[in-house]
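In mature numbering (1 follows the signal peptide of the UniProt record, and there is no 0), the protein residues as written are -20 to -1, 1 to 287. Positions of the beta carbon are idealized from the N, C-alpha and C atoms, including for glycine. It should be emphasised that the depicted structure is a prediction, and the values quoted were computed from it without experimental measurement. For reference, the structure discussed in these notes is given below.
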Ligand code: FUB
């Protein structure tokens, strides 16, 4: 029955489009959304939850990419990147983000390192937002022994990348501790030390965006995860905590957001576990809702919708 509804969803996705309803992708389980606005389209990058119904952990081997010109009709492209494309990694296509620089697309991903215990961050590159992508570095950009603010081995995950108005690029990431570092123009090497940001009850999933003169650092807060955020006049802080942006998203103990502006509207993209019967914390689905700002630049709490 699930397989049949998946086939139906795929047909409607590819032939007649999907309705504006949440989740936006229903023929596969998708998690950890990141979105890139490029030319007149949005590229939605997700992880692929493949856990069997009775398997209560993540089973994620590849990332997916979808594109849309209207945030309603999503076209799925060929699988652009897999854990197996990183020879030094052994598992876990976890959260990731793509950014464009000088005509190339850089994809920062979380994986489990094959030899250095724990999570690690790699970077892949492509000439196209839909790939194919290849390992840009041949080794991890961040591994467990580079970040010492905690002694846990899973703190090097969930990269978010941002290029400031002066051209300086930054990578933020982390679990329990939020780390950041400057990236060189080549986007595959750090240019300076790894620093930390002090944020209340930071769990993981940082996302940086800018609007007018404000920088926003949103992140997964507490556990089960809500989304909270901080604001600053500078990309390097100081950050002022502004509270909760989104509540725990239905039936998923993680919450992972992307925030974009596209064609004069602001969007909050996240995942929940709402697909009936099998959906849950390890079989998640990407959803999209509008995001609204107050006059002082703070963000209004997201109202999660199902259509
Ligand atoms: O999808 C695996 C992990 O769950 C991500 O890396 C975290 O952000 C959480 O969503």
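For residue 93, the Cβ stays outside the 8 Å cut-off from all heavy atoms of the ligand FUB.
In this chain, the beta strand (DSSP E) harbouring residue 223 covers 220 to 226.
Membership of residue 28 in the beta strand (DSSP E) is indicated by the continuous run 21 to 29. The ligand FUB approaches residue 27 closely enough that one of its heavy atoms is under 8 Å from the residue's Cβ. Closer than 8 Å to some heavy atom of the ligand FUB: that does not describe the Cβ of residue 82.
Between the ligand FUB and residue 12, a heavy atom-to-CB distance of less than 8 Å is present. Residue 244 holds the alpha-carbon nearest to the alpha-carbon of residue 20 among 271, 285, 244 and 259. Three or more Cβ pairs closer than 8 Å define a contact, and the stretch 215 to 223 falls short of that threshold against the stretch 233 to 241.
The C-beta distance from residue 183 to residue 129 rounds to 15 Å, too long to meet the 8 Å contact threshold. Judged by DSSP secondary structure, residue 59 falls outside any beta strand (DSSP E); it is assigned neither H nor E.
Closer than 8 Å to some heavy atom of the ligand FUB: that describes the Cβ of residue 200.
Counting along the chain, the unbroken beta strand (DSSP E) around residue 13 starts and ends at 9 to 18. In this structure, residue 38 has its beta carbon less than 8 Å from a heavy atom of the ligand FUB. If you draw a straight line from the Cα of residue 242 to the Cα of residue 1, it comes to about 18 Å. Relative to the ligand FUB, the nearest heavy atom lies less than 8 Å away from the CB of residue 137.
Rounded to whole angstroms, residue 270 and residue 97 show a C-alpha spacing of 39 Å.
When the beta-carbon positions are compared, residue 78 and residue 68 stay at least 9 Å from each other. Within the same chain, 39 come within 6 Å of residue 30 by CB-CB distance, once the 5 residues on both sides are set aside.
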